[in-house]
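Accompanying notes for the structure given below.
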Amino acid sequence: MSGYIQSERDESLVAELCSPLPTERLIFTYAMNAIAFGFTGLALIPLLSILWEIFIRGISGLKSEMFVKAVIDNGFGNAILGTIIMVIIGATLSIPTGIMTGIFLAEFGQSNTIASLVRFITSILTGVPSIVVGVFAYGVIVLVTKGFSAIAGGFALAVIMLPVIILTTEESLKLIPASQRLASAALGGTRFQTTFRIVVTTAIPGITTGILLAVARAAGETAPLIFTALFSLDWSEGLLSPTASLPVLIFNLYNDPDPEKSQLVWTTSIVLLGLILCVSIISRLVIRQRRIK
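Numbering (the working numbering), first residue to last: -12 to 280.
Now the structure itself:
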């Protein structure tokens, strides 16, 4: 008898769940969706207008030989190379440090005073203006070496990338279920083995996403490189000499009265947006692959 009553309750619950919504709720739902799409469209208007303006003004001056010429020859090959070099230097400095710090915060410092302090400082660094980072790198590297260089620029970018990598690594590790840690411990794995062979391996897609997002942000920074790498119209002589970059090229030549230099600014903007877009697409693909797994 009780089973029959329970069956009737289940059927009535299913019928209630499958019944159409009242008219008032449908109207409210459609209205909220319309408002959300409307505000989304308003937010996209300035972004799309900027992209369209850059594309229209810059695509006409884009030529293949510009990728292998220096700024002095109306190209941006040296700026692309300088940007890549400084981002690589920044990534080399920040990725190992950021990943290891994130592992410490997530796995070994949950209730540690030092970990709480590191987490607090990292959160503050995410909101520090990039120009302040540039001044800091100027005092630490440029004044010590007595010269602007790609190494100083890479150091400034590393400081910008570091908090992003730390926080994304920590959050990625926290998303790993505790059951995996317990299973590893039950099989005789030490805490070190569990952390690096199980937890970190599982969280690699999330960590990779954080790294790519940090790289995309660093590639578009201008202020830190003005104080550290400065600029060069020709090819750089080495890592310890002033080095050109795409963002600083745009900043320096934007008000140049020469029409060719003005056109070069818009064309360089397309290239810079393309580089950042490629990195962003790769990060999205990594996120998608992580969700599939």
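Glycine included, each C-beta is placed from N, C-alpha and C at the ideal position.
A quick note: this is a predicted structure, and the numbers were derived from the prediction, not measured.
| Query | Result |
| --- | --- |
| Per-residue burial, Trp253 [other beta carbons within 10 Å of its own, 16 or more giving buried] | buried |
| Cβ-based burial, Ser232 [other Cβ within 10 Å; buried from 16] | buried |
| Boundaries (first-last residue) of the alpha helix (DSSP H) holding Val122 | 117 to 124 |
| CB contact flag (Met73, Gly141, <8 angstroms) | yes |
| Distance between Ala143 and Gly25 (C-alpha atoms, nearest Å) | 40 angstroms |
| Three-pair Cβ contact test at 8 angstroms for the region 18 to 35 versus the region 232 to 242 | no |
| C-alpha gap between Gly85 and Gly197, whole angstroms | 10 angstroms |
| Nearest residue (CA-CA) to Val187, options Val202, Gly134, Ser136, Pro164 | Pro164 |
| Between the CA atoms of Leu68 and Asn99 - distance to the nearest angstrom | 43 angstroms |
| Any alpha helix (DSSP H) of 4 or more consecutive residues that is wholly inside the region 142 to 204 | 165 to 173 |
| Pro229 burial status per 10 Å Cβ neighbour count (16 or more: buried) | buried |
| Rounded straight-line distance, which links the Cα of Pro244 to that of Ser159 | 49 angstroms |
| Straight-line gap, Val146 to Leu80 (C-alpha atoms, nearest Å) | 9 angstroms |
| Simplified DSSP assignment, three categories, for Trp222 | coil |
| Three CB pairs or more closer than 8 angstroms across the region 213 to 221 and the region 56 to 68 | yes |
| Close Cβ partners of Ile194 (< 6 angstroms) along its chain, the five nearest in sequence each way excluded | Thr156, Ser159 |
| Classification of Gly261 by the beta-carbon crowding that lies within 10 angstroms, buried from 16 upward | exposed |
| Pair within 8 angstroms by beta-carbon distance, Thr215 and Ile128 | yes |
| Exposed unless 16 or more other CB atoms sit within 10 angstroms - verdict on Pro9 | exposed |
| Runs of alpha helix (DSSP H) wholly within the region 90 to 120 (minimum 4 residues, chain order) | 100 to 112 |
| Phe179 burial status per 10 Å Cβ neighbour count (16 or more: buried) | exposed |
| C-beta atoms of Arg204 and Val151 nearer than 8 angstroms | yes |
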